[in-house]
Amino acid sequence: MVAIAFYSITGQTERFIDKIQLKAHQISDANPKYDMGQKYILIVPSYQDFMMDSVVDFLTYKDNKKNIIGIIGCGNRNFNDLFAQTAKKIAATLKVPILYLLEFSGTNQDVKNVRKIVHDLSAGQSTKEVQKPKELRGNISFLSDYRD
Ligand SMILES: Cc1cc2nc3c(=O)[nH]c(=O)nc-3n(C[C@H](O)[C@H](O)[C@H](O)COP(=O)(O)O)c2cc1C
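If you count the sequence shown from 1, position 137 lands on 723 in our numbering, and the numbers rise without skipping.
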């Protein structure tokens, strides 16, 4: 099974991880430098950049930046253009695809969709073949340097 790393500040993403019932490494503020040592998916909520220092510390540790194969973004659509801004920025910076976007701790449908994405990737499907979030199907200027 493809590995998962996630970050959570107020617990919503952690609840989503509980719901998908897949093993995942939680990036901690106390000790963010953890070596994934294998290909993995990153699941992150969205906040202003200064609140994501632990995620940056995690990503810049050992080969974590190289081993990331895709990102799942959590957020709140009331933030409009800034919806899932953290996932979008990491995707653009590291040139890795966003695989899925969801709000808060996810709906039952989100749980099903993400479990399917993880299983498909684990079965050898490429990140280009899995379902993509609808926000990313059009032309989004915010993602001008986003690469799929
Ligand atoms: C101070 C603050 C800033 C936030 N900024 C954004 C944002 O820019 N974009 C977004 O989509 N959601 C934003 N959110 C919503 C969170 O990303 C969302 O509630 C998420 O599910 C929280 O995950 P967590 O509980 O795992 O930390 C913000 C929430 C707070 C409290």
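For every residue, glycine included, the Cβ atom is placed at its ideal position computed from N, Cα and C.
All of these numbers come straight from a predicted model, not from anything done at the bench.
Find out if the Cβ-Cβ distance for the pair residue i, residue j is shorter than 9 Å.
i	j	result
Ser691	Phe602	yes
Gln717	Asn699	yes
Tyr593	Gln612	yes
Thr599	Ile629	yes
Ile595	Val704	no
Leu645	Ile684	no
Leu680	Ser632	no
Gly656	Val682	yes
Glu689	Gly661	yes
Gly659	Lys674	yes
Lys609	Met587	yes
Among the options, which residue has its Cα nearest to the Cα of residue i?
i	options	result
Lys720	Asp696, Leu687, Lys652	Leu687
Asn650	Ala670, Lys625, Arg701	Lys625
Val641	Ser712, Ala616, Phe665, Asn664	Ala616
Asp643	Asp706, Lys605, Arg701, Tyr620	Tyr620
Ile654	Phe636, Ala678, Asp635, Ser614	Ala678
Gln634	Lys652, Pro618, Ser614, Phe665	Phe665
What span of residues does the alpha helix (DSSP H) with residue i cover, start to end?
i	result
Ile606	598-606
Val704	694-708
Ala673	671-680
Val641	639-645
Lys648	Lys648 -> no alpha helix (DSSP H), and no H or E assigned at all.
Since residue i and residue j are thought to touch, with beta carbons under 8 Å apart, how far apart are those beta carbons, to the nearest angstrom?
i	j	result
Thr672	Met638	6 Å
Identify the continuous beta strand (DSSP E) that holds residue i and give its terminal residues.
i	result
Phe592	589-592
Leu668	Unbroken run through Leu668: none, as it is neither H nor E.
Leu685	684-689
Leu628	626-630
Looking at residue i and ligand 3, is the gap between the Cβ and the nearest heavy atom below 8 Å?
i	result
Gly623	Questions concerning ligand 3 fall outside what the structure shown contains, since the ligands it does hold are ligand 1.
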